[in-house]
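Trainee: What follows is a single structure, and I will ask about it in a moment.
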Amino acid sequence: MRFMAVIATLFFLVIARAFAADVGFEEVKIANGTEPPLTAGIWYPTNAPATPHALGAFTQTVAPGAPIAGSHLPLVVISHGGGGGYDSHYDTALALAHAGFVAAAVSHAGDTFDDQSHVLQLWRRPAQLHRLVDYMLDEWPWHGRLDAARVGAFGFSNGGFTVLVAAGGIPDLSKIAPYCAAHPEHDLCEVLKHAGVDPHFDADVPASVWVHDPRIKAIVVAAPAFGFTFGRAGLSSVRAPIQIWRAAEDRHQPHPYYDEAVRTDLPRPPEYHVVANAGHYDFLPPCDARLSRKMPEICTSLPGFDRAAFHEYFNADVVRFFQARLR
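Taken in order, the sequence shown gives residues -20 to -1, 1 to 307; the numbers are from mature numbering (1 follows the signal peptide of the UniProt record, and there is no 0).
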(Lines of atoms letter the chains of each structure in order from A and count residues from 1; the text may use other names and numbers.)
(Lines give C-alpha, C1' and ligand atoms only; values in the text may rest on other atoms or scores of the structure.)
Protein backbone atom coordinates (compact mmCIF):
# COMPACT_ATOMS: atom_id res chain seq x y z
CA MET A 1 0.00 0.00 0.00
CA ARG A 2 2.86 2.41 0.81
CA PHE A 3 4.45 1.63 -2.57
CA MET A 4 1.18 2.41 -4.36
CA ALA A 5 0.82 5.68 -2.42
CA VAL A 6 4.28 6.78 -3.54
CA ILE A 7 3.52 5.82 -7.17
CA ALA A 8 0.33 7.88 -6.97
CA THR A 9 2.26 10.84 -5.55
CA LEU A 10 4.81 10.64 -8.34
CA PHE A 11 1.94 10.60 -10.83
CA PHE A 12 0.49 13.76 -9.30
CA LEU A 13 3.92 15.38 -9.45
CA VAL A 14 4.04 14.67 -13.17
CA ILE A 15 0.54 16.12 -13.65
CA ALA A 16 1.45 19.21 -11.59
CA ARG A 17 4.53 19.79 -13.72
CA ALA A 18 2.32 19.72 -16.81
CA PHE A 19 0.49 22.78 -15.48
CA ALA A 20 3.48 24.60 -13.98
CA ALA A 21 6.50 23.33 -15.83
CA ASP A 22 9.13 24.92 -13.65
CA VAL A 23 9.91 26.56 -10.34
CA GLY A 24 10.42 30.25 -9.67
CA PHE A 25 12.63 31.44 -6.85
CA GLU A 26 13.43 34.58 -4.94
CA GLU A 27 15.37 35.56 -1.86
CA VAL A 28 13.69 38.19 0.29
CA LYS A 29 14.45 40.29 3.34
CA ILE A 30 11.66 40.42 5.93
CA ALA A 31 11.42 43.26 8.43
CA ASN A 32 11.51 41.85 11.96
CA GLY A 33 10.76 44.60 14.44
CA THR A 34 13.82 46.05 16.13
CA GLU A 35 16.04 43.17 14.98
CA PRO A 36 17.79 42.96 11.61
CA PRO A 37 15.63 41.69 8.73
CA LEU A 38 15.20 37.96 8.32
CA THR A 39 16.42 36.30 5.12
CA ALA A 40 14.11 33.82 3.42
CA GLY A 41 13.96 31.82 0.20
CA ILE A 42 10.72 31.24 -1.69
CA TRP A 43 10.03 28.57 -4.31
CA TYR A 44 6.81 28.69 -6.33
CA PRO A 45 5.22 27.31 -9.52
CA THR A 46 5.97 29.19 -12.73
CA ASN A 47 5.62 28.68 -16.46
CA ALA A 48 8.89 30.51 -17.12
CA PRO A 49 11.86 28.35 -18.17
CA ALA A 50 14.20 27.33 -15.35
CA THR A 51 17.97 27.00 -15.63
CA PRO A 52 20.70 25.90 -13.19
CA HIS A 53 21.81 28.55 -10.70
CA ALA A 54 24.37 28.44 -7.89
CA LEU A 55 22.37 29.42 -4.82
CA GLY A 56 24.12 29.12 -1.47
CA ALA A 57 25.75 25.72 -1.10
CA PHE A 58 23.76 24.10 -3.92
CA THR A 59 22.97 24.37 -7.61
CA GLN A 60 19.23 24.60 -8.24
CA THR A 61 17.24 24.57 -11.46
CA VAL A 62 14.93 27.55 -10.99
CA ALA A 63 13.71 30.71 -12.68
CA PRO A 64 14.73 33.58 -10.37
CA GLY A 65 12.18 36.38 -10.18
CA ALA A 66 9.78 34.72 -12.64
CA PRO A 67 6.03 35.35 -12.42
CA ILE A 68 4.00 32.91 -10.37
CA ALA A 69 1.61 30.43 -12.00
CA GLY A 70 -1.72 29.47 -10.48
CA SER A 71 -3.99 30.78 -7.73
CA HIS A 72 -5.34 29.60 -4.38
CA LEU A 73 -2.00 27.91 -3.85
CA PRO A 74 -1.20 26.13 -0.57
CA LEU A 75 1.80 27.35 1.42
CA VAL A 76 4.40 25.28 3.29
CA VAL A 77 6.90 27.09 5.51
CA ILE A 78 10.22 25.37 6.27
CA SER A 79 12.38 25.51 9.40
CA HIS A 80 15.98 24.28 9.08
CA GLY A 81 18.13 22.52 11.65
CA GLY A 82 20.76 24.08 13.87
CA GLY A 83 23.55 25.77 11.94
CA GLY A 84 21.69 25.57 8.64
CA GLY A 85 20.08 28.14 6.37
CA TYR A 86 16.98 28.65 4.28
CA ASP A 87 18.37 26.45 1.49
CA SER A 88 19.01 23.47 3.78
CA HIS A 89 15.97 21.62 2.37
CA TYR A 90 15.92 23.10 -1.11
CA ASP A 91 15.12 19.76 -2.78
CA THR A 92 11.99 19.34 -0.64
CA ALA A 93 11.03 22.93 -1.48
CA LEU A 94 11.51 22.21 -5.20
CA ALA A 95 9.35 19.09 -4.97
CA LEU A 96 6.59 21.05 -3.25
CA ALA A 97 6.73 23.86 -5.82
CA HIS A 98 6.61 21.37 -8.71
CA ALA A 99 3.48 19.92 -7.08
CA GLY A 100 1.73 23.29 -6.97
CA PHE A 101 2.71 24.53 -3.49
CA VAL A 102 4.56 27.66 -2.52
CA ALA A 103 7.45 26.77 -0.20
CA ALA A 104 9.08 29.45 1.95
CA ALA A 105 12.06 28.87 4.23
CA VAL A 106 13.54 31.31 6.74
CA SER A 107 17.14 31.47 7.89
CA HIS A 108 16.77 31.44 11.67
CA ALA A 109 18.85 34.43 12.76
CA GLY A 110 21.13 33.37 15.60
CA ASP A 111 21.13 29.70 14.60
CA THR A 112 22.58 29.59 11.09
CA PHE A 113 25.80 28.38 9.52
CA ASP A 114 27.31 31.87 9.85
CA ASP A 115 25.64 33.09 13.05
CA GLN A 116 25.45 30.99 16.22
CA SER A 117 24.96 33.94 18.55
CA HIS A 118 21.54 32.80 19.85
CA VAL A 119 21.62 29.06 19.17
CA LEU A 120 20.27 28.09 22.61
CA GLN A 121 17.53 30.73 22.67
CA LEU A 122 15.11 28.27 21.14
CA TRP A 123 12.06 30.48 21.68
CA ARG A 124 13.31 32.83 18.95
CA ARG A 125 12.72 30.23 16.24
CA PRO A 126 8.90 29.84 16.43
CA ALA A 127 8.57 33.63 16.53
CA GLN A 128 10.65 33.89 13.34
CA LEU A 129 8.56 31.21 11.63
CA HIS A 130 5.40 33.09 12.65
CA ARG A 131 6.85 36.24 11.09
CA LEU A 132 7.51 34.31 7.87
CA VAL A 133 3.86 33.24 7.69
CA ASP A 134 2.78 36.85 8.31
CA TYR A 135 4.98 38.02 5.46
CA MET A 136 3.86 35.35 3.02
CA LEU A 137 0.14 35.84 3.62
CA ASP A 138 0.08 39.63 3.93
CA GLU A 139 3.17 41.25 2.40
CA TRP A 140 4.72 39.04 -0.28
CA PRO A 141 3.98 40.64 -3.68
CA TRP A 142 2.25 37.42 -4.80
CA HIS A 143 0.36 36.89 -1.53
CA GLY A 144 -2.98 37.21 -3.34
CA ARG A 145 -2.23 33.90 -5.10
CA LEU A 146 -2.04 32.02 -1.79
CA ASP A 147 -4.81 30.18 0.06
CA ALA A 148 -4.53 31.32 3.67
CA ALA A 149 -6.64 28.37 4.80
CA ARG A 150 -4.03 25.88 3.52
CA VAL A 151 -0.77 26.44 5.39
CA GLY A 152 1.59 23.66 6.45
CA ALA A 153 5.04 23.54 8.03
CA PHE A 154 8.09 21.30 7.61
CA GLY A 155 10.96 21.13 10.09
CA PHE A 156 14.16 19.15 10.60
CA SER A 157 16.04 18.73 13.92
CA ASN A 158 15.86 22.15 15.63
CA GLY A 159 13.35 22.95 12.90
CA GLY A 160 11.26 19.93 13.92
CA PHE A 161 11.19 21.33 17.44
CA THR A 162 10.23 24.71 15.97
CA VAL A 163 7.20 23.48 14.01
CA LEU A 164 5.97 21.43 16.98
CA VAL A 165 5.94 24.65 19.00
CA ALA A 166 4.27 26.51 16.13
CA ALA A 167 1.55 23.83 16.10
CA GLY A 168 0.84 24.35 19.81
CA GLY A 169 3.62 22.54 21.67
CA ILE A 170 5.04 23.94 24.91
CA PRO A 171 8.45 22.51 25.86
CA ASP A 172 9.86 22.47 29.36
CA LEU A 173 13.53 23.30 28.93
CA SER A 174 14.23 22.62 32.61
CA LYS A 175 14.19 18.93 31.58
CA ILE A 176 17.54 19.40 29.81
CA ALA A 177 19.61 19.40 33.02
CA PRO A 178 18.30 16.09 34.42
CA TYR A 179 18.48 14.58 30.95
CA CYS A 180 22.16 15.48 30.68
CA ALA A 181 22.82 14.26 34.21
CA ALA A 182 21.44 10.88 33.15
CA HIS A 183 23.01 10.87 29.65
CA PRO A 184 26.21 12.95 29.74
CA GLU A 185 27.58 11.05 26.74
CA HIS A 186 24.76 12.12 24.40
CA ASP A 187 25.61 14.68 21.74
CA LEU A 188 23.44 17.47 23.13
CA CYS A 189 25.04 17.21 26.56
CA GLU A 190 28.57 16.97 25.18
CA VAL A 191 27.95 20.08 23.07
CA LEU A 192 26.69 22.03 26.09
CA LYS A 193 29.68 20.92 28.15
CA HIS A 194 32.14 21.77 25.37
CA ALA A 195 30.56 25.21 25.02
CA GLY A 196 30.75 25.79 28.77
CA VAL A 197 26.96 26.15 29.01
CA ASP A 198 25.24 25.26 32.26
CA PRO A 199 22.33 22.91 31.35
CA HIS A 200 20.22 24.85 33.89
CA PHE A 201 20.46 27.93 31.64
CA ASP A 202 16.85 27.63 30.54
CA ALA A 203 15.08 26.67 33.75
CA ASP A 204 13.12 29.92 34.05
CA VAL A 205 11.74 30.23 30.52
CA PRO A 206 7.99 30.99 30.90
CA ALA A 207 5.41 29.15 28.79
CA SER A 208 4.23 32.52 27.41
CA VAL A 209 7.47 32.95 25.44
CA TRP A 210 6.54 30.19 22.97
CA VAL A 211 4.78 31.57 19.88
CA HIS A 212 2.10 29.36 18.31
CA ASP A 213 0.52 29.79 14.88
CA PRO A 214 -3.03 28.43 14.45
CA ARG A 215 -2.82 29.16 10.72
CA ILE A 216 -0.61 26.08 10.38
CA LYS A 217 -2.93 23.16 9.64
CA ALA A 218 -0.48 20.25 9.13
CA ILE A 219 3.18 19.61 9.94
CA VAL A 220 5.98 17.29 8.86
CA VAL A 221 8.68 16.70 11.46
CA ALA A 222 12.01 14.99 10.72
CA ALA A 223 14.30 14.04 13.63
CA PRO A 224 12.88 16.63 16.05
CA ALA A 225 15.44 18.05 18.47
CA PHE A 226 14.64 18.31 22.20
CA GLY A 227 11.73 15.91 21.81
CA PHE A 228 12.03 14.81 25.44
CA THR A 229 11.30 18.35 26.68
CA PHE A 230 7.61 18.31 25.69
CA GLY A 231 5.91 15.43 27.46
CA ARG A 232 2.23 14.63 27.24
CA ALA A 233 1.14 17.93 28.79
CA GLY A 234 3.40 19.97 26.51
CA LEU A 235 1.95 18.36 23.38
CA SER A 236 -1.68 18.27 24.51
CA SER A 237 -2.63 21.27 22.37
CA VAL A 238 -1.02 19.94 19.17
CA ARG A 239 -4.06 18.91 17.12
CA ALA A 240 -2.82 19.35 13.56
CA PRO A 241 -2.14 16.18 11.52
CA ILE A 242 1.53 15.22 11.83
CA GLN A 243 3.95 13.14 9.81
CA ILE A 244 7.10 12.15 11.76
CA TRP A 245 10.32 10.76 10.28
CA ARG A 246 12.99 8.98 12.32
CA ALA A 247 16.43 7.86 11.14
CA ALA A 248 16.95 4.38 12.56
CA GLU A 249 20.69 4.99 13.05
CA ASP A 250 20.44 8.55 14.39
CA ARG A 251 23.46 8.78 16.69
CA HIS A 252 23.07 12.52 17.08
CA GLN A 253 19.62 12.26 18.66
CA PRO A 254 19.48 8.73 20.10
CA HIS A 255 16.29 6.71 20.28
CA PRO A 256 13.91 6.85 22.17
CA TYR A 257 14.39 10.36 23.59
CA TYR A 258 13.55 12.49 20.58
CA ASP A 259 11.24 11.24 17.80
CA GLU A 260 9.76 8.44 19.87
CA ALA A 261 9.15 10.74 22.83
CA VAL A 262 7.11 13.01 20.56
CA ARG A 263 5.24 10.15 18.87
CA THR A 264 4.28 8.62 22.21
CA ASP A 265 3.05 11.83 23.82
CA LEU A 266 1.02 13.36 20.98
CA PRO A 267 -2.73 13.39 21.68
CA ARG A 268 -3.40 11.84 18.26
CA PRO A 269 -1.28 9.16 16.59
CA PRO A 270 0.90 10.67 13.86
CA GLU A 271 1.87 9.13 10.56
CA TYR A 272 5.22 7.62 11.53
CA HIS A 273 8.16 6.58 9.33
CA VAL A 274 11.38 4.90 10.45
CA VAL A 275 14.13 4.98 7.80
CA ALA A 276 16.40 1.94 7.98
CA ASN A 277 20.17 2.53 7.97
CA ALA A 278 19.70 6.30 7.89
CA GLY A 279 21.61 8.76 10.05
CA HIS A 280 20.55 12.14 11.39
CA TYR A 281 21.89 14.17 8.47
CA ASP A 282 20.40 11.95 5.78
CA PHE A 283 17.35 14.21 5.92
CA LEU A 284 19.54 16.89 4.31
CA PRO A 285 19.89 16.84 0.49
CA PRO A 286 22.67 14.81 -1.12
CA CYS A 287 25.97 16.71 -1.20
CA ASP A 288 28.08 17.35 -4.26
CA ALA A 289 31.83 16.59 -4.23
CA ARG A 290 32.78 20.10 -3.10
CA LEU A 291 30.40 20.16 -0.15
CA SER A 292 31.35 16.58 0.78
CA ARG A 293 34.97 17.67 1.11
CA LYS A 294 34.04 20.76 3.08
CA MET A 295 31.50 19.19 5.46
CA PRO A 296 31.95 15.39 5.57
CA GLU A 297 30.20 15.19 8.94
CA ILE A 298 26.83 16.07 7.37
CA CYS A 299 27.44 14.60 3.93
CA THR A 300 28.63 11.07 4.72
CA SER A 301 25.98 8.35 4.99
CA LEU A 302 26.40 4.85 6.40
CA PRO A 303 27.62 2.19 3.95
CA GLY A 304 24.82 1.00 1.71
CA PHE A 305 22.53 3.97 2.31
CA ASP A 306 21.59 5.79 -0.92
CA ARG A 307 20.70 9.31 0.16
CA ALA A 308 19.70 10.41 -3.35
CA ALA A 309 17.27 7.51 -3.75
CA PHE A 310 15.88 8.11 -0.27
CA HIS A 311 15.20 11.77 -1.04
CA GLU A 312 13.18 10.83 -4.11
CA TYR A 313 10.92 8.77 -1.85
CA PHE A 314 11.03 11.17 1.10
CA ASN A 315 10.10 14.25 -0.92
CA ALA A 316 7.33 12.41 -2.75
CA ASP A 317 5.82 11.26 0.54
CA VAL A 318 6.07 14.72 2.13
CA VAL A 319 4.23 16.10 -0.91
CA ARG A 320 1.62 13.34 -0.63
CA PHE A 321 1.02 14.13 3.04
CA PHE A 322 0.50 17.83 2.45
CA GLN A 323 -1.70 17.17 -0.57
CA ALA A 324 -3.93 14.99 1.60
CA ARG A 325 -3.97 17.27 4.65
CA LEU A 326 -4.15 20.73 3.05
CA ARG A 327 -7.18 20.16 0.85
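We put the beta carbon where it would ideally sit given N, CA and C, even for glycine. From a predicted model like this one, the values you see are computed outputs, not experimental measurements.
Do you know whose CA, among A269, G124, G65, A77, lies nearest V299's CA?
Mentor: For the residues A269, G124, G65, A77, the minimum Cα distance to V299 belongs to A77.
Trainee: Measuring only the C-alpha atoms, how far is R307 from H291?
Mentor: If you take the alpha carbons of R307 and H291, they lie about 24 Å apart.
Trainee: Thinking C-alpha only, which one of F263, P17, T72, A146 is nearest A107?
Mentor: Of F263, P17, T72, A146, the residue nearest in Cα terms is A146.
Trainee: Please classify D297 as buried or exposed, where buried requires at least 16 neighbouring CB atoms within 10 angstroms.
Mentor: That one is buried.
Trainee: In the DSSP assignment, the alpha helix (DSSP H) including V299 goes from what residue to what residue?
Mentor: Note, V299: alpha helix (DSSP H), 287 to 305.
Trainee: Closest to R226 by C-alpha separation, out of A83, E251, P283, A198, would be which residue?
Mentor: R226 has its Cα closest to that of E251, out of A83, E251, P283, A198.
Trainee: Leaving out five residues before and five after D268 in sequence, what residues of the same chain have Cβ atoms less than 8 Å from its Cβ?
Mentor: Correct list, in chain order: F38, T39.
Trainee: With D193 as the anchor, note down where its beta strand (DSSP E) starts and where it stops.
Mentor: Element bounds for D193: n/a, residue is neither H nor E.
Trainee: Under 8 Å between the Cβ atoms of V113 and V131?
Mentor: Yes, Cβ-Cβ distance for V113 and V131 is below 8 Å.
Trainee: With DSSP collapsed to three states, give me the class of D268.
Mentor: Coil at D268, not helix or strand.
Trainee: Just to confirm the assignment, what range does the alpha helix (DSSP H) spanning K173 have?
Mentor: Residues 167 to 174.
Trainee: Start and end of the alpha helix (DSSP H) containing E240?
Mentor: Here the alpha helix (DSSP H) through E240 covers 239 to 245.
Trainee: Excluding five sequence neighbours on each side, which residues of the same chain lie with their C-beta closer than 8 Å to the C-beta of A187?
Mentor: Only I150 meet the Cβ criterion.
Trainee: Between the beta-carbon of D2 and the beta-carbon of T19, is there less than 8 Å?
Mentor: Result no, Cβ atoms of D2 and T19 do not sit closer than 8 Å.
Trainee: Where does F136 sit, in a helix, a strand or coil, going by DSSP?
Mentor: It is a strand residue.
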